[in-house]
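Chemist:
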Amino acid sequence: MKKFFTIAFLLCASYLFAEIKIGALLALTGPASILGLPEKQTLEMMVEEINKNGGINGQKINLIVYDTQSIDDEARKKFIRLVQKDEVKVVLGPTTSGESLAIKDLASQFKTPVISMASSDRIVNPINKYLFKVAPSDDHAVQTIYAYLSSNKKMKVALLTVQNGYGDSGRASLLKEAKNFGIEIVADEKYLDSDKDMTSHLSKIAAKKPDAIICWGVGPAPAIIAKNFMQLKINAQLVMSHGVASAKFIELAKDAANGIILPAGRMIVAEQLPANDKYKAILLSYIKDYESRYKTPVSTFGGHAYDAIQIVQQSLKMGGDDLASNIEKIKGYVGTYGTFNFSETDHNGLSKDAFVMVKIENMKWKLLK
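The working numbering applies: residue -10 is where the sequence shown begins, and numbers increase by one.
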């Protein structure tokens, strides 16, 4: 009888303390740290809320976060640790495109679903059964930019792209989509994340007299470009990628941020959305929760983490062990960046309407109509 009660107690204890291990690979240091920090804070906030409400299918989430330092090799090492040592069911992140591409083969090798928070189309094209992403694609961002420029008759465009996975993917989309909008690429320059001055790049570009200059990058470097652009008094429209859609960019660029336009998620202009916009209530709720907790402005990158954990939650609630197939079945999830409709042939699930064009005026975001 005593043995029976001991076994019963152990079974009960194992049920009571059952947990779901979820890993996260985030750039908490390095050039992409301004993206990784709001992702981490959002995940911690969301997991705390889910656990407070009973967890998922009665199990609490154990979130295990590792810093990739914005380095591809670190992402690979930490992924292997999450899967082999920590035995997580799913991995959220990495933060950047290069890191996400660096673990693409590992996701297949270990049959572990990954929900990347980066934007490169190459993350999900070609399709990898275990790799998904929640950030809109580069193609969608480029189409949004070019549609705006062409409607404003700015057809001569210069490119200035960072030399990494994110920049390479963006540059490929910029070159590919140009002909579809009648855009003429008059200059094609590249820079390094570590560059501290871009005046030589911008001087070469200015000599080509473009109507617009598109800078594609994340981290501190685009802010340097904005400052150099202002110093040189270049007569062109400066356009940034969605990689700078955070208050941190404005803080770094200061007055040089004013006048810049870029494609971004609706979050940074949520209050300016029409009352009937289907995303407005979700965005305002998330913004209130995040800003009241962390006393800092939200960024669209935290929104990627919000969408990723919500998608994981939906897939886990479906039951079974094949989470990748469960994610492919998710349809109509209204998130911070758009409405997600996944399938076996679409591991991003978003469309071009995930983006709006915004402008920085008086150090604040303004929705462009």
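Ideal placement from N, C-alpha and C gives every residue a C-beta, glycine not left out.
These numbers come from a predicted model, not from an experiment.
(1) Rounded to whole angstroms, what's the CA-CA distance from S105 to K348? Just pull it up for me.
(2) Tell me, please, which residues DSSP counts as bridged to V418.
(3) Since K10 and I53 are thought to touch, with beta carbons under 8 Å apart, how far apart are those beta carbons, to the nearest angstrom?
(4) Could you pull out every residue in the same chain whose Cβ sits closer than 8 Å to the Cβ of F344, ignoring the five residues on either side in sequence?
(5) Between the alpha carbons of S291 and V323, how many angstroms are there, rounded?
(6) Sort out for me which residues DSSP pairs A147 with in a bridge.
(7) On a CA-only basis, which of E240, S158, N247 and A245 is nearest G206? Give me that one, please.
(8) Apart from the five residues on each side of it in sequence, which residues of its chain come closer than 8 Å, Cβ to Cβ, to N40?
(9) Thinking just about the alpha-carbon of each residue, which of L164, W354, T84 and Q30 is nearest to the one in L262?
(10) Note down, in chain order, each residue of its chain lying with its Cβ closer than 6 Å to the Cβ of T(-5), except the 5 sequence neighbours on either side.
(11) Just list the alpha helix (DSSP H) runs in the segment 51 to 126, keeping only unbroken ones of 4 residues or longer that don't cross its boundaries, in chain order.
(12) Let me confirm a value: Q299 is counted as buried when at least 16 other C-beta atoms fall within 10 Å, else exposed. Which label applies?
(13) Determine the closest residue to D311 out of G171, F99 and E28, with distance taken between C-alpha atoms.
(14) Return yes when the Cβ of S192 is within less than 8 Å of the Cβ of L221, no when it is not.
(15) According to the Cβ coordinates, are L95 and V301 closer than 8 Å?
(16) Would L17 pass as a contact of K29 if the rule is Cβ separation under 8 Å?
(17) Helix, strand or coil for L24? Go by DSSP, reduced to three states.
(18) Roughly how many angstroms separate the alpha carbons of A59 and M34, rounded to a whole number?
(19) Would you give the residue range spanned by the alpha helix (DSSP H) that Q220 belongs to?
(20) Given that a residue counts as buried once 16 or more other Cβ atoms are within 10 Å of its Cβ, and exposed if not, what is R282?
(21) Let me know the alpha helix (DSSP H) ranges lying completely inside the segment 269 to 322, each 4 residues or longer, listed in chain order.
(22) Return no unless some Cβ of chain C is closer than 8 Å to the Cβ of E28.
Modeler: Well, looking at it:
(1) Against the sequence shown, residue 105 aligns to sequence position 116. Against the sequence shown, residue 348 aligns to sequence position 359. Taking the straight line from one Cα to the other gives about 27 Å.
(2) Here the chain has residues from -10 to 358 only, and residue 418 is not among them.
(3) The count along the sequence shown starts at 1 and reaches residue 10 at position 21. The count along the sequence shown starts at 1 and reaches residue 53 at position 64. Indeed they touch by this definition, with Cβ atoms about 6 Å apart.
(4) Taking the first residue of the sequence shown as position 1, residue 344 is located at position 355. Contacts found: P125, H129, A130, T133, H231, P252, A253 and G254.
(5) By 1-based counting over the sequence shown, the position of residue 291 is 302. By 1-based counting over the sequence shown, the position of residue 323 is 334. The question names Ser, but residue 291 is Gly in the sequence shown. Approximately 16 Å between the Cα atoms of the pair.
(6) Sequence index remark: in the sequence shown, residue 147 carries index 158 (1-based). Paired residues: A176 and I202.
(7) Within the sequence shown, residue 206 is the residue found at index 217, counting from 1. Among E240, S158, N247 and A245, the Cα nearest to that of G206 is on S158.
(8) Start at 1 with the first residue of the sequence shown, and residue 40 comes out as number 51. If we look at N40 and ignore the five residues flanking it on each side, its Cβ neighbours are K49 and I50.
(9) Taking the sequence shown and counting its residues from 1, the one referred to as residue 262 is at position 273. If we check each option's Cα against that of L262, W354 comes out closest.
(10) Numbered from 1 along the sequence shown, position 6 holds the residue referred to as residue -5. Reliability of the predicted coordinates at T(-5) is poor, the pLDDT of 48 falling under 50, and the value obtained from them is presented with this limitation in mind. Nothing listed; no residue qualifies.
(11) 61 to 73, 86 to 91 and 93 to 98
(12) Residue 299 sits at position 310 when you count from the first residue of the sequence shown. Classification of Q299: buried, given that the 10 Å Cβ count is 16 or more.
(13) On the sequence shown, residue 311 is found 322 positions in, with the first residue counted as 1. Nearest option by C-alpha distance: F99.
(14) Position 232 of the sequence shown, counted from the start, is the residue given in the question as residue 221. Position 203 of the sequence shown, counted from the start, is the residue given in the question as residue 192. In this structure, S192 lies closer than 8 Å to L221 by Cβ.
(15) Numbered from its first residue, the sequence shown carries residue 95 at position 106. Numbered from its first residue, the sequence shown carries residue 301 at position 312. No, the Cβ-Cβ distance between L95 and V301 is not below 8 Å.
(16) Here residue 17 refers to the residue found at position 28 when the sequence shown is read from its first residue. Here residue 29 refers to the residue found at position 40 when the sequence shown is read from its first residue. Cβ distance < 8 Å, so L17 and K29 count as in contact.
(17) Position 35 of the sequence shown holds residue 24. It is helical.
(18) Residue 59 sits at position 70 when you count from the first residue of the sequence shown. Residue 34 sits at position 45 when you count from the first residue of the sequence shown. The question names Ala, but residue 59 in the sequence shown is Ser. About 22 Å.
(19) By 1-based counting over the sequence shown, the position of residue 220 is 231. Note, Q220: alpha helix (DSSP H), A210 to L221.
(20) By one-based count along the sequence shown, residue 282 stands at place 293. So R282 counts as exposed.
(21) 269 to 283, 289 to 306 and 312 to 317
(22) In the displayed structure, chain C is absent; only one protein chain is listed.
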